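Colleague: Here the protein sequences come in this chain order: Y and G. To convert a position in the first sequence, counted from 1, into our numbering, add 47. To convert a position in the second sequence, counted from 1, into our numbering, add 47. Quick one: this structure, given as C-alpha cells, is what I'll be asking you about.
Protein chains: 2
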Amino acid sequence: MFQLALNYGNGPMLLKDIAEKENLSVRYLEHLVPPLKTARLIYATRGARGGYSLAKAPTDITLKDIIRVLEGHLYPSECVETPEVCSRSRFCITRDIWTKLEETISTTLAGFTLQDLVDKYYNKTHHEELQ
Amino acid sequence: MFQLALNYGNGPMLLKDIAEKENLSVRYLEHLVPPLKTARLIYATRGARGGYSLAKAPTDITLKDIIRVLEGHLYPSECVETPEVCSRSRFCITRDIWTKLEETISTTLAGFTLQDLVDKYYNKTHHEELQ
DNA sequence: TTAAATTCCTACCAGTTTAGTAGGGATACT
DNA sequence: AGTATCCCTACTAAACTGGTAGGAATTTAA
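What follows is the structure in C-alpha cells.
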C-alpha cells in the first residue's frame, strides 16, 4: 500500500514492481490483494498494461483501514468484540482492559494516513542525501 | 495475578483456588508460574499450607510488567526490537510505525496497576448490588 | 487474430505459536 | 511418616502465519 501511495497518480502499478521494491514475492502479494479490493482500498486493471492503483487518495487511507482489512481485527482478545465467547465477559475486569487497549491501538493507527508515510519517506531520504 | 491481588495480605493462595475462580485448569496455571517467579512478581511457598503470593504490593505491579513476562514482548513486529532481522530496517517507514505503536501499547499497559483492577472490580460489584 | 501481459482463483504446505494435558519428583508442614 | 503443594520436563492438538503452486480469465497490442 505504501508503494501504491508513492505511485499514486501515475497509473496502475505492477505487483512485480511492488514485489521487487519491498523484497517480497509476487505470489505472496497476490494473497493480500483480494481483501484490499473487497474493501475498496485498491482497484485492479487486468491484462497487459494493467496493475493496481489506490482507490482513494493517500490522504484518505489510514493505517487502521489497511490493518483492519489485512489482519481482521485489532483487539488482543476475541472477547472484546464477541463477549459470548466467554461466560465471564459480563464482569471480567481484564476484558475492560483489552477493550481500552484496542481503543488505543485503533486511535494510534487511525492517526496515520498513507500520505504521512510518503511524507516521512521523503523526509528520510532527503536527510540521508545531506549526510 | 488479579486473584493474587485480590488476596494480597491474606497469605499464600492455592493454584487450585485461582483455577476455580478464573475457570482455568491448575495444569495450565502451573505453566504460567515459572516466568512470573523468575521476574519476581510472585513467590511460592511449598508444601502443606503453601501457595503463591504477590512479591510486591498491587500498586507496584503494572499490566505491562505482567504481559512482558507472560507474552515476552509488546511489539507488532520483531524488527522493532531486532532490526537485524530485516535488511530494510534502516530506511523502513513501516518499522517506524510499529515502533510508535509499541510505545502506545506500552504506555497504556504501564498505566494500569493490579490495584486499579482490584478497585474497578469492587466498583463493578458494588454497582450491581445497587441495581 | 493471436500472443503476451497481467490479474484472479483455489488449493496446498510447513513452520510456529497457543493452549493446553500428563507424569512424576521435590519440598515442607503437621 | 504422611500429605499437601509446588516444580520440572515432556508431549500434543488445533490454529495461525507466511508462503508456494498451477492454471484460468481478461485485456492490450502487434
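Beta carbons are placed, not taken as given, at the ideal position from N, Cα and C, and that holds for glycine. Remember, predicted model here, so these are calculated numbers, not experimental data.
Along the segment 120-141 of chain Y, what residues have a CB closer than 8 Å to any CB found in chain G?
Modeller: Cβ contacts with chain G: Ser134, Arg135, Phe138, Ile140 and Thr141.
Colleague: Out of Y:Gly98, Y:Tyr75 and Y:Thr141, state which residue places its alpha-carbon closest to the alpha-carbon of Leu117 of chain Y.
Modeller: The residue with the shortest Cα to Cα distance from Leu117 of chain Y is Y:Tyr75.
Colleague: Rounding to the nearest angstrom, what Cα-Cα distance links Pro82 of chain G and Lys147 of chain Y in this structure?
Modeller: Looking at the two C-alpha atoms, the distance is approximately 26 Å.
Colleague: Is the beta carbon of Thr141 of chain G within less than 7 Å of some heavy atom of the ligand FAD?
Modeller: Of ligands this structure carries none, so the ligand FAD is not represented either.
Colleague: Could you tell me whether the Cβ of Lys84 of chain Y comes closer than 8 Å to any Cβ of chain G?
Modeller: With 8 Å as the cut-off, Lys84 of chain Y does not count as an interface residue toward chain G.
Colleague: Under 8 Å, Cβ to Cβ, is there at least one residue of chain Y near Ile144 of chain G?
Modeller: Closer than 8 Å: yes.
Colleague: How close, in whole Å, do the beta carbons of Thr160 of chain Y and Pro105 of chain Y come, if the pair is a contact with beta carbons under 8 Å?
Modeller: With 8 Å as the limit, Thr160 of chain Y and Pro105 of chain Y qualify as a contact, their Cβ atoms being about 6 Å apart.
Colleague: Excluding sequence positions up to five away, which residues of its chain have a Cβ less than 8 Å from the Cβ of Trp145 of chain Y?
Modeller: So the qualifying residues of the chain are Tyr122, Pro123, Ser124, Cys126 and Val127.
Colleague: Taking the alpha carbon of Ala95 of chain Y as the reference point, which residue from Y:Ser136, Y:Lys63, Y:Thr151 and Y:Ser134 has its own alpha carbon closest?
Modeller: The option with the nearest alpha carbon to Ala95 of chain Y is Y:Lys63.
Colleague: Alpha carbon to alpha carbon, what distance is there between Ala52 of chain G and Leu101 of chain G?
Modeller: Those two C-alpha atoms are separated by around 7 Å.
Colleague: Asn70 of chain G touches chain Y at which residues, Cβ-Cβ below 7 Å?
Modeller: Ordered by position in chain Y, the residues that pass the 7 Å Cβ test against Asn70 of chain G are Arg135.
Colleague: Taking just the CA atoms, how far does Ile114 of chain G sit from Glu149 of chain Y?
Modeller: If you take the alpha carbons of Glu149 of chain Y and Ile114 of chain G, they lie about 15 Å apart.
Colleague: Chain G partners of Leu164 of chain Y, CB-CB under 8 Å?
Modeller: Ile140, Thr141 and Ile144, listed in chain order.
Colleague: Compare the Cα-Cα distances from Ile140 of chain G to each of Y:Val165, Y:Lys103 and Y:Leu61 and report the closest residue.
Modeller: Selected option, being the one with the closest Cα: Y:Val165.
Colleague: Going by C-alpha to C-alpha distance, which of G:Leu71, G:Arg137 and G:Gly119 sits closest to Cys133 of chain Y?
Modeller: The shortest C-alpha separation from Cys133 of chain Y is found at G:Leu71.
Colleague: Can you pull out the residues from the segment 99-111 of chain G whose beta carbon lies closer than 8 Å to at least one beta carbon of chain Y?
Modeller: Against chain Y - using a Cβ distance shorter than 8 Å - the residues of the segment 99-111 of chain G are Leu110.
Colleague: Ignore the nearest five residues each way along the sequence and tell me which others in Gln50 of chain Y's own chain have a CB closer than 8 Å to its CB.
Modeller: Cβ within range, chain order: Met60, Asp64, Ile65, Lys68 and Glu69.
Colleague: Taking buried to mean at least 16 other C-beta atoms within 10 Å of its own C-beta, is Tyr99 of chain Y buried or exposed?
Modeller: By the neighbour-count rule (16 or more Cβ atoms within 10 Å), Tyr99 of chain Y is buried.
Colleague: Between Gln178 of chain Y and the rest of its own chain, which residues show a CB-CB distance below 7 Å, the 5 nearest in sequence each way excluded?
Modeller: Reliability fails at Gln178 of chain Y, whose pLDDT of 48 lies under 50, so the model's placement of it is uncertain and no value is given.
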